[in-house]
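Counting in this note's numbering, the sequence shown runs from 70 upward without gaps. Ideal Cβ placement from N, Cα and C applies to all residues, glycine included. See below for the structure under consideration.
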Amino acid sequence: MPIERRPLREQIKDELLVRLGRGEFAADEPINESQLSTELGVSRTPLREALISLEREGVIRSERGKGFRFAPMSSKEFRDLTTIVSEMESLALRLSDPAFLKSIAPRLLAEARAFSEPQAAYKVIERYDDAWHDLLLSGCPNDRLMDLIASLKLTMHRYERVVVGDQDMLERSAVEHERIAEHLLTADVEGAVAALRVNWTSGMDRILERFVP
70 MPIERRPLRE QIKDELLVRL GRGEFAADEP INESQLSTEL GVSRTPLREA LISLEREGVI
130 RSERGKGFRF APMSSKEFRD LTTIVSEMES LALRLSDPAF LKSIAPRLLA EARAFSEPQA
190 AYKVIERYDD AWHDLLLSGC PNDRLMDLIA SLKLTMHRYE RVVVGDQDML ERSAVEHERI
250 AEHLLTADVE GAVAALRVNW TSGMDRILER FVP
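What follows is the structure in structure tokens.
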């Protein structure tokens, strides 16, 4: 794992979230701290700090005498996560400079129209959606907010990959991103926020249709 100029515990936390998003850890899987610290090339102390941080976020659970394990998944938690990310992205959009949003709206609209398939493999949808939303929120000046959004999305990807599977075909509404961009073209930020919430809600519903508790 490459070392960056950030607290090591934060780097470890991000790495674990990325691996969760890729489906490398199963729900309710126990965590072998010794094995994981060796694999990551870090000591047990920053690893444990990262695990405690993830426990506060509900991603990991601990039991006295049994150590840490990845938390089981539930449709309620996925709904909660979607609601939080939807509200955070709405806030990020409102914090962005309206002139900047209008300037990127043509590109957002063009990219939305370019990816118009009514169905696509989840892996393809995830890659496209992440890039599109990253562009949409690229003018937000609140770095901490953007870090929180990115962290929660990694946790959501864990759900999506387990429930759907990378290569499974998933229905999508090709016009949802277009509606957001169209509002921004006319400098209607509140209209874009409303359309953004619709996008998150409908996407959540499409995932939960396949969720098996």
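Length of the line joining the Cα atoms of residue i and residue j
i: Asp166; j: His226; result: 29 Å
i: Gln188; j: Leu221; result: 25 Å
i: Ile72; j: Asp257; result: Because Ile72 carries a pLDDT of 49, less than 50, the predicted location of this residue cannot be relied on, and no value is offered for it.
i: Arg176; j: Ser103; result: 47 Å
i: Glu186; j: Arg163; result: 29 Å
i: Ser172; j: Tyr197; result: 20 Å
i: Gly110; j: Gln80; result: 12 Å
i: Val244; j: Val193; result: 17 Å
i: Phe184; j: Ile121; result: 40 Å
i: Tyr191; j: Asp216; result: 24 Å
Cβ-based burial, residue i [other Cβ within 10 Å; buried from 16]
i: Gly272; result: buried
i: Lys145; result: exposed
i: Glu158; result: buried
i: Ala174; result: buried
i: Val233; result: buried
i: Ser207; result: exposed
i: Glu132; result: exposed
Counterpart residues of residue i in DSSP-defined beta bridges
i: Gln188; result: Glu240
i: Pro115; result: DSSP lists no partner for Pro115.
Inter-residue CB distance, residue i and residue j (contact presumed, cutoff 8 Å)
i: Ala139; j: Glu98; result: The identity of residue 139 in the sequence shown is Phe, whereas the question assumes Ala. Right, the Cβ-Cβ distance comes to about 5 Å (below 8 Å), so this counts as a contact.
>> Quick check: the region 126-139 against the region 80-99, are at least 3 beta-carbon pairs closer than 8 Å?
In response: yes
> Can at least three beta-carbon pairs, one atom from the region 262-269 and one from the region 238-253, be found at a separation below 8 Å?
Replying inline: yes
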